[in-house]
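Q:
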Amino acid sequence: MGKVFPHDKASNSGGIGSFLQSIFRRRRAKPLLCSECFENQGIKLDARMLGVNDRSVCRNCNSTSGKKLGREELEALTHRFFVWGTLHRCEYGAAPIIQFNQQRNTEIEASPWFESDLRLIERVLGVGFFYYGPRLWMVGEVEPLKDLSSPVTQTSILKRITTEYPAAPLKADELFYRLRIAPKAPAEQSEYDSPPLGCGGIGRLDAPGLQVMYASQDLEVCIHECRVTAEDELFVATLTPSTDLRLLDLTSLLFEKDVTEFESLDMAVHMLFLAGKHSYDLTRKIALAARTAGFDGIVYPSYFSLLRTGGMPFETVFGISHRQIPELADRERSKTIPNIAIFGRPIADGRVRVVGINRLILNRVEYQFHFGPVGYQVDPE
Ligand SMILES: [Zn+2]
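Printed below as a string of structure tokens:
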């Protein structure tokens with residue numbers, strides 16, 4: 006199983022003492038390599054992002070301009086390229102194909118695109134690269150998720166979801182946004198309500214007979230969720246509840262006592278909302294159950310949470326999910342961007358008030374990225 010890397014730990018835990026320690030360590034750490042040591046352009050660019058400015062001569066390639074990498078930075082680079090860079094998404098969940106540690110020899114067959122870089126890292130860090138046999142929960146073998154898919158057990162899991170997750174109020178003075186692409190009458194309030202009956206039923210939570218108004222307090226997420234392009238005419242309504250609304254908060258982390266990832270309701274719901282369209286049948290059932298249980302709507306993790314926060318999905322330490330570790334809860338929570346779904350037509354029925362309407366112009370779109378290997382062979386025994 007994977008070894009614990011420094012960046013696997015919560016950067017915001019440990020207080021000032023560990024912060025100073027990390028600075029001290031960084032000062033003391035001798036550069037091992039630099040960004041210009043690598044041949045693969047992806048690794049080189051990743052190394053330029055992770056390395057530190059230091060005009061000393063690289064002891065490997067003699068460059069003075071390369072960004073220098075101490076052990077900590079080199080481990081982070083190796084993790085980002087080889088582990089995160091081989092993350093394989095499954096129907097539910099995801100797991101890296103490659104892992105590395107100091108205990109194993111290299112068992113993967115590198116391709117010419119990165120072979121020399123792999124050998125260099127292997128030698129300098131003293132690590133081996135191997136096929137990572139994931140723990141099965143990472144690829145969706147989670148009991149409550151399977152039970153939710155089965156007609157026999159579905160009702161009991163839906164009941165658990167509506168009772169074990171907390172209710173979150175959306176208070177009367179809180180603002181949130183709803184984005185529309187090219188509405189017929191952009192200045193009309195009703196354009197920002199849920200679609201009329203018979204027009205919805207194709208989204209993550211709306212179903213025939215269940216109207217849903219999708220919104221978010223995060224405007225960037227609204228833009229992602231609407232899959233806008235530069236040509237689109239965009240309009241945004243600023244909204245607020247007229248009275249406090251009671252929402253089922255599925256963005257909460259459930260700390261379930263004595264429960265492994267395999268039995269975890271938290272993991273099931275987490276995976277469900279990070280999955281694509283094939284999960285909609287189940288997420289709609291959750292919405293119906295929440296409405297039946299008397300909630301005004303749901304707060305749920307945006308599918309685009311990780312793209313917005315730059316987080317890696319399904320991170321583990323020794324095969325244990327970070328979600329199961331209370332010390333990492335804040336960091337895990339910060340990887341989730343909440344979306345709001347309100348049942349019915351809340352503008353028409355007066356539960357939600359339009360504070361204002363604006364045209365929205367996209368003037369710049371930025372992408373952040375990192376790289377991964379291609380053409381390698383793994384040999385799972
Ligand atoms: Zn170098």
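Taking our numbering as reference, the numbering of the sequence shown is continuous, increasing by one, and the terminal residue is 386.
Even glycine gets a Cβ: it sits at the ideal position worked out from N, Cα and C.
Here the structure is a predicted model, which is why all the values come from computation and not from measurement.
Whole beta strand (DSSP E) runs in the segment 210-276 with 3 or more residues, listed along the chain?
A: Taking only runs of at least 3 residues, the beta strand (DSSP E) segments lying wholly in the segment 210-276 are 217-221, 239-246 and 250-254.
Q: Hey, is Val-88's beta-carbon within less than 7 angstroms of any beta-carbon in chain C?
A: Note that chain C does not occur in the displayed structure, where there is just one protein chain.
Q: CA-CA distance, Lys-3 and Cys-42?
A: Only positions 6 to 386 of the chain appear in this structure, which leaves residue 3 out of reach.
Q: Classify Gln-104 as helix, strand or coil using the three-state DSSP reduction.
A: It is a strand residue.
Q: Does any heavy atom of ligand 1 sit closer than 6 angstroms to the C-beta of Ser-447?
A: Residue 447 lies beyond the residue range present for the chain, which begins at 6 and ends at 386; the question has no answer from this structure.
Q: Quick check on the burial criterion: 16 or more other C-beta atoms within 10 angstroms. Buried or exposed for Cys-204?
A: Cys-204 should be labelled exposed.
Q: Can you determine whether any heavy atom of ligand 1 sits closer than 6 angstroms to the C-beta of Cys-95, and answer yes or no?
A: The answer is no for Cys-95.
Q: Please confirm whether Ser-269 and Arg-358 have their CB atoms less than 7 angstroms apart.
A: For Ser-269 and Arg-358, no; Cβs fall outside 7 angstroms.
Q: Helix, strand or coil: which one does DSSP assign to Phe-86?
A: If DSSP states are grouped into helix, strand and coil, Phe-86 belongs with the helices.
Q: How would you write the range of the beta strand (DSSP E) that Arg-109 sits in, first residue to last?
A: Per DSSP, Arg-109 belongs to no beta strand (DSSP E) and is neither H nor E.
Q: I want to check one thing, is the minimum distance from the CB of Cys-231 to the heavy atoms of ligand 1 below 6 angstroms?
A: Answer for Cys-231: no, Cβ out of range of ligand 1.
Q: Is DSSP giving Ile-303 helix, strand or coil here?
A: Ile-303 falls in the strand class under three-state DSSP.
Q: With a threshold of 6 angstroms, establish whether the CB of Gly-71 neighbours any heavy atom of ligand 1.
A: Yes, the beta carbon of Gly-71 sits closer than 6 angstroms to at least one heavy atom of ligand 1.
Q: Quick one: using the 10 Å Cβ neighbour count with 16 as the cut-off for buried, is Gln-104 buried or exposed?
A: Gln-104 is buried by the Cβ-count criterion.
Q: Label Phe-374 either buried or exposed according to how many other C-beta atoms from any shown protein chain fall within 10 Å of its C-beta, with 16 as the threshold for buried.
A: Exposed: under 16 other Cβ atoms inside 10 Å.
Q: Roughly how many angstroms separate the alpha carbons of Gly-71 and Thr-83, rounded to a whole number?
A: Going from the Cα of Gly-71 to the Cα of Thr-83 covers about 17 angstroms.
Q: Say yes only if the C-beta of Glu-41 is nearer than 6 angstroms to one or more non-hydrogen atoms of ligand 1, and no if none qualify.
A: Yes, the Cβ of Glu-41 comes within 6 angstroms of a heavy atom of ligand 1.
Q: Using a Cβ-Cβ cutoff of less than 7 angstroms, which residues in the same chain neighbour Glu-337 once the five nearest sequence positions on both sides are dropped?
A: Leu-258, His-327 and Arg-328, listed in sequence order.
Q: List, from N- to C-terminal side, the alpha helix (DSSP H) runs of 4 residues or more that fit wholly inside the segment 103-181.
A: The qualifying runs are 120-130, 148-154 and 159-169.
Q: For Asp-384, which three-state DSSP category applies?
A: Reduced to three states, the DSSP call for Asp-384 is coil.
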